[in-house]
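Novice:
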């Protein structure tokens, strides 16, 4: 298995950002959007940078007839990202009181990105899955946002402890999204991004084109 680079890795933080200023746009008229409530984000989650949405539409066009992308979450305000990260880190501290701070940060970043480099807060990342023509979600091996602890590691994109059908569906999702220029965070099969620091590191781009921003004024 190839090395998994986590969001907490210093190589990610070292990537410069050359902010393009591209606006955040509402995806609801363009993509099938999950109707679960994101009360914490007050509707911010249905936004993405314009070019990210365009790439998702390109990816969707590559799917077999009868399948489509199901958008679950995009933009996440920086303050909310920090809350999610600190909450999960607190859970890890309670479970592992002997772990030093750097180990807690690394472990937390398997599931929630450190807020200062979070792709979601740049409007560059999307959590999504596959659905059929009737909107029924396909089997991709775990529930959306299952943590490594909850899923026994099955949330990792390359996990072996999932069904053959789930493996096929993950491969299809990866094929179309990769073809459209997005990169996966390998500890979360549902998380894909374009234009952020992690994307830049994975693709060899000289800089990220999107950094964390607030939705207001976009």
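In my numbering, the protein residues as written are 16 to 233. Beta carbons are placed, not taken as given, at the ideal position from N, Cα and C, and that holds for glycine.
Runs of 4 residues minimum, wholly inside the region 32-103: which ones carry the alpha helix (DSSP H) assignment?
Specialist: The region 32-103 is shown to contain whole alpha helix (DSSP H) runs of 4 or more residues at 65-75, in chain order.
Novice: For a test of the three-state rule: what should DSSP assign to residue 142, helix, strand or coil?
Specialist: Against the chain shown, residue 142 aligns to sequence position 127. Three-state result, residue 142: strand.
Novice: Residue 160 to residue 213, Cα distance in whole Å?
Specialist: By 1-based counting over the chain shown, the position of residue 160 is 145. By 1-based counting over the chain shown, the position of residue 213 is 198. Computed Cα separation, rounded: 19 Å.
Novice: Cα separation between residue 127 and residue 149?
Specialist: Numbered from its first residue, the chain shown carries residue 127 at position 112. Numbered from its first residue, the chain shown carries residue 149 at position 134. C-alpha separation (whole angstroms): 31 Å.
Novice: Helix, strand or coil: which one does DSSP assign to residue 176?
Specialist: Here residue 176 refers to the residue found at position 161 when the chain shown is read from its first residue. Note: residue 176 maps to coil in three-state DSSP.
Novice: Ignore the nearest five residues each way along the sequence and tell me which others in residue 130's own chain have a CB closer than 8 Å to its CB.
Specialist: Start at 1 with the first residue of the chain shown, and residue 130 comes out as number 115. Taken in chain order, the residues that qualify are 93, 96, 97, 100, 136 and 227.
Novice: Give the straight-line distance between the Cα atoms of residue 111 and residue 124, rounded to the nearest whole angstrom.
Specialist: As a first step, residue 111 is located in the chain shown; it is residue number 96 there, counting from the start. As a first step, residue 124 is located in the chain shown; it is residue number 109 there, counting from the start. Using only the alpha carbons, I get a separation of about 15 Å.
Novice: What distance in whole Å lies between the Cβ atoms of residue 218 and residue 198, which are believed to be in contact at a cut-off of 8 Å?
Specialist: As a first step, residue 198 is located in the chain shown; it is residue number 183 there, counting from the start. As a first step, residue 218 is located in the chain shown; it is residue number 203 there, counting from the start. Yes, they are in contact, since the Cβ atoms of residue 198 and residue 218 sit about 7 Å apart, within 8 Å.
Novice: So the candidates are 196, 142, 216 and 120; which of them puts its Cα closest to the Cα of residue 209?
Specialist: Here residue 209 refers to the residue found at position 194 when the chain shown is read from its first residue. Comparing alpha-carbon positions, the option among 196, 142, 216 and 120 lying closest to residue 209 turns out to be 196.
Novice: Check the C-beta distance from residue 154 over to residue 180 and give it rounded, since I have them as a contact under 8 Å.
Specialist: Counting from one through the chain shown, the residue named residue 154 turns up at place 139. Counting from one through the chain shown, the residue named residue 180 turns up at place 165. Going by Cβ atoms, the distance from residue 154 to residue 180 rounds to 5 Å, so yes, they are a contact pair.
Novice: Can you tell me whether residue 207 is helix, strand or coil according to DSSP?
Specialist: As a first step, residue 207 is located in the chain shown; it is residue number 192 there, counting from the start. Strand at residue 207.
Novice: Below 8 Å CB to CB, which residues in the same chain sit around residue 103 once its five sequence neighbours on both sides are set aside?
Specialist: Taking the first residue of the chain shown as 1, we reach residue 103 at position 88. Within the same chain, residue 103 has close Cβ partners 123, 126, 127 and 162.
Novice: For residue 147, write down the residues that DSSP places opposite it in a beta bridge.
Specialist: Position 132 of the chain shown holds residue 147. Residue pairing by DSSP places residue 147 opposite 82 in a beta bridge.
Novice: Please report the distance separating the alpha-carbon of residue 38 from that of residue 113.
Specialist: The residue labelled residue 38 in the question sits at position 23 within the chain shown. The residue labelled residue 113 in the question sits at position 98 within the chain shown. Residue 38 and residue 113: Cα-Cα distance of roughly 44 Å.
Novice: Do you know offhand how far residue 223's Cα is from residue 116's?
Specialist: The count along the chain shown starts at 1 and reaches residue 223 at position 208. The count along the chain shown starts at 1 and reaches residue 116 at position 101. Taking the straight line from one Cα to the other gives about 28 Å.
Novice: Tell me whether residue 62 is buried or exposed, calling it buried when 16 or more other Cβ atoms sit within 10 Å of its Cβ.
Specialist: For the purposes of this step, residue 62 is identified with residue 47 of the chain shown, where counting begins at 1. Buried, because 16 or more other Cβ atoms sit within 10 Å of the Cβ of residue 62.
Novice: Look at the alpha carbon of residue 30 and the alpha carbon of residue 67, and state the distance between them as a whole number of angstroms.
Specialist: Position 15 of the chain shown holds residue 30. Position 52 of the chain shown holds residue 67. Residue 30 and residue 67: Cα-Cα distance of roughly 19 Å.
Novice: Measure the alpha-carbon distance for residue 33 versus residue 25 and round it to whole angstroms.
Specialist: Mapped onto the chain shown, residue 33 falls at position 18. Mapped onto the chain shown, residue 25 falls at position 10. Each residue's Cα considered, the two are about 18 Å apart.
Novice: Just the C-alpha distance for residue 166 and residue 44, rounded to the nearest angstrom, thanks.
Specialist: By 1-based counting over the chain shown, the position of residue 166 is 151. By 1-based counting over the chain shown, the position of residue 44 is 29. Looking at the two C-alpha atoms, the distance is approximately 33 Å.
Novice: List the DSSP bridge partners of residue 223.
Specialist: Your numbering for residue 223 matches position 208 in the chain shown. Note: residue 223 sits in a beta bridge opposite 32.
Novice: Between which two residues does the alpha helix (DSSP H) harbouring residue 213 extend?
Specialist: Residue 213 sits at position 198 when you count from the first residue of the chain shown. From DSSP, the alpha helix (DSSP H) with residue 213 extends over 212-218.
Novice: Measuring only the C-alpha atoms, how far is residue 119 from residue 171?
Specialist: Locating residue 119 in the chain shown gives position 104, counting from the first residue. Locating residue 171 in the chain shown gives position 156, counting from the first residue. Spanning the two alpha carbons is a distance of roughly 19 Å.
Novice: Quick one: what does DSSP say residue 232 is sitting in, helix, strand or coil?
Specialist: As a working note, residue 232 is residue 217 in the chain shown. Only weak support exists for where residue 232 lies, its pLDDT of 44 falling under 50; the coordinates are left without a value.
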